[in-house]
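Chemist: Can you read through this structure? Questions will come right after.
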Amino acid sequence: MSRVLLLHTGGTLGMKGSPLEPGEFQDRLAEYVPEIEQLADVTTRVIANLDSSDIGPAHWTDLAQAIDEDYESYDGFVVVHGTDTMAYSASALAFALENLGKPVVFTGAQRPLSAVRSDAPRNLTDAVDLATRDIPEVGICFDGLFIRGCRATKTSAQDYRGFDSRECPPLAKLGVDVSIADHVLRRAGEYRCDARFDPEVIYIQVTPGLRPERFEAILQTGVKGVVLSAFGLGTIPSSNGPLGPVVADAVASGIEVLVVTASTGNVDFGLYRNSLPLRDAGAISGGTMHMEASISKLMHALAVYDDRDERRVYLERNVAGERD
Ligand code: ASP
113 MSRVLLLHTG
123 GTLGMKGSPL
133 EPGEFQDRLA
143 EYVPEIEQLA
153 DVTTRVIANL
163 DSSDIGPAHW
173 TDLAQAIDED
183 YESYDGFVVV
193 HGTDTMAYSA
203 SALAFALENL
213 GKPVVFTGAQ
223 RPLSAVRSDA
233 PRNLTDAVDL
243 ATRDIPEVGI
253 CFDGLFIRGC
263 RATKTSAQDY
273 RGFDSRECPP
283 LAKLGVDVSI
293 ADHVLRRAGE
303 YRCDARFDPE
313 VIYIQVTPGL
323 RPERFEAILQ
333 TGVKGVVLSA
343 FGLGTIPSSN
353 GPLGPVVADA
363 VASGIEVLVV
373 TASTGNVDFG
383 LYRNSLPLRD
393 AGAISGGTMH
403 MEASISKLMH
413 ALAVYDDRDE
423 RRVYLERNVA
433 GERD
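Residue numbering for the sequence shown follows my numbering, beginning at 113 and increasing consecutively.
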């Protein structure tokens with residue numbers, strides 16, 4: 113029988129009360145969902161028991177290290193996690209666990225395990241099943257889909273279909289049968305873990321009429337990296353003064369500026385005149401990367417690469433299927 117390590121971090125799945133708060137279910141998951149024992153020999157370990165709004169880079173490090181320490185002892189890993197920041201944590205692990213050769217399956221629920229009509233038993237059972245299969249990726253298992261972690265976004269706090277992966281079809285579908293897609297990554301290199309993240313990253317959404325001085329003020333707070341979410345394929349407004357020189361000063365002072373799009377599509381600095389100031393300033397195109405992946409990737413890049421050229425090459429490279 114396959115061996116699966118289940119790492120509990122908290123979230124609605126194990127919550128109780130009103131308002132909902134972390135409960136004591138973490139040690140009793142198999143009692144509530146006995147089917148998981150039919151699928152695998154499951155060992156449970158509690159990393160944290162938090163609402164995922166309290167999960168951050170330090171917990172990503174703990175999680176990645178927990179997987180790394182027991183990497184050889186298990187066939188796959190399940191991470192029980194709140195849905196609010198699950199896509200950030202899944203992205204972070206996709207970058208920390210390089211050349212992954214086993215499944216790391218995040219899951220959670222929109223209704224607690226103890227509630228009627230909960231989606232928790234199905235999600236947990238599906239996640240344990242996926243963790244026994246040959247899908248060597250970090251992903252999110254929710255409502256019958258397994259989607260790439262570094263492409264995932266929480267799209268609904270109401271529907272059981274809580275996640276979507278923009279521009280990347282599901283890695284697996286769990287219906288009557290489990291079908292695994294052909295685009296599952298199969299990496300040739302040697303597995304290794306680097307669980308460092310530098311939290312000094314901020315996300316700024318470009319909005320109509322944005323004043324460059326506001327942007328400049330934020331840059332003076334000690335940030336080391338900015339994910340700049342621009343319009344469309346990477347355009348920024350110039351009506352209230354040029355943003356380009358502020359970005360150029362930031363880049364010259366050592367701050368990394370990674371540009372993603374607030375919509376979907378591939379950031380292309382060459383297509384519109386209103387993107388050229390970003391290119392000329394030395395900003396990095398995030399390609400098709402979305403918010404959650406770009407933030408965790410930039411935190412990882414800042415912690416791992418001291419050499420700026422190497423860091424920029426890493427940010428522009430498709431590391432874990434997060435960009436085209
Ligand atoms: N607030 C919860 C959390 O992210 C929501 C959930 O788990 O669905 O921990």
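Virtual Cβ for every residue (Gly too), placed ideally from N, Cα, C.
Here the structure is a predicted model, which is why all the values come from computation and not from measurement.
1) Buried or exposed: R234, going by 16 or more other Cβ atoms within 10 Å of its Cβ?
2) On the criterion of 16 or more Cβ atoms from any shown chain inside 10 Å, does E404 qualify as buried, or is it exposed?
3) Can the beta-carbon of S114 be found less than 7 Å from the beta-carbon of D187?
4) Can S268 be considered in contact with ligand 1, in the sense that its beta carbon sits closer than 6 Å to one or more heavy atoms?
5) For the beta strand (DSSP E) holding R115, just list the boundary residues, first then last.
6) Tell me which residues share the same chain as D276 and place their Cβ nearer than 7 Å to its Cβ, disregarding the 5 neighbours each side in the sequence.
7) Give a single yes or no on whether T164 has its beta carbon closer than 6 Å to a heavy atom of ligand 1.
8) Assuming E210 and R304 form a contact by the criterion Cβ under 8 Å, report the distance between their Cβ atoms to the nearest whole angstrom.
9) Since A204 contacts F309 with CB under 8 Å, what's their CB separation in whole angstroms?
10) So, for I407: in the same chain, excluding its five sequence neighbours on each side, which residues have a beta-carbon less than 7 Å away from its beta-carbon?
11) With DSSP as the reference, label N161 as helix, strand or coil.
12) Report the CB separation of T437 from P248 in whole angstroms; it is logged as a contact under 8 Å.
13) Which class does F258 belong to by DSSP, given the choice of helix, strand or coil?
14) Between the beta-carbon of V363 and the beta-carbon of S397, is there less than 7 Å?
15) At which residue ranges does the segment 241–321 contain complete beta strand (DSSP E) runs of 3 or more residues, listed in the order of the chain?
16) Ends of the alpha helix (DSSP H) at G356?
Modeler: According to the structure shown:
1) With 16 or more other Cβ atoms within 10 Å, it is buried.
2) The C-beta of E404 has 16 or more other C-beta atoms within 10 Å across all chains shown, which makes the residue buried.
3) Between S114 and D187, the C-beta spacing is below 7 Å.
4) The answer is no for S268.
5) For R115, the uninterrupted beta strand (DSSP E) segment begins and ends at 115–122.
6) So the qualifying residues of the chain are T265, T267.
7) Thr is not the amino acid found at residue 164; the sequence shown has Ser there. Yes; taking the cut-off as 6 Å, the Cβ of S164 has a heavy atom of ligand 1 nearer than that.
8) That belief holds up - the Cβ atoms of E210 and R304 are roughly 5 Å apart, short of 8 Å.
9) With a beta-carbon spacing of about 6 Å, A204 and F309 fall inside the 8 Å limit used to define contacts.
10) By the criterion of a C-beta distance shorter than 7 Å, I407 is surrounded in its chain by Y200, V313, Y315, V339, once the five residues flanking it on both sides are discounted.
11) Of the three classes helix, strand and coil, the one that applies to N161 here is strand, per DSSP.
12) Residue 437 is absent from the model: the chain starts at 113 and stops at 436.
13) It is a strand residue.
14) Pairing V363 with S397 gives a Cβ-Cβ distance that is not under 7 Å.
15) Within the segment 241–321, the complete beta strand (DSSP E) runs of at least 3 residues are 250–254, 257–260, 264–266, 275–277, 284–286, 290–292, 313–317.
16) It spans 356–364 - the alpha helix (DSSP H) in which G356 sits, taken as one unbroken run.
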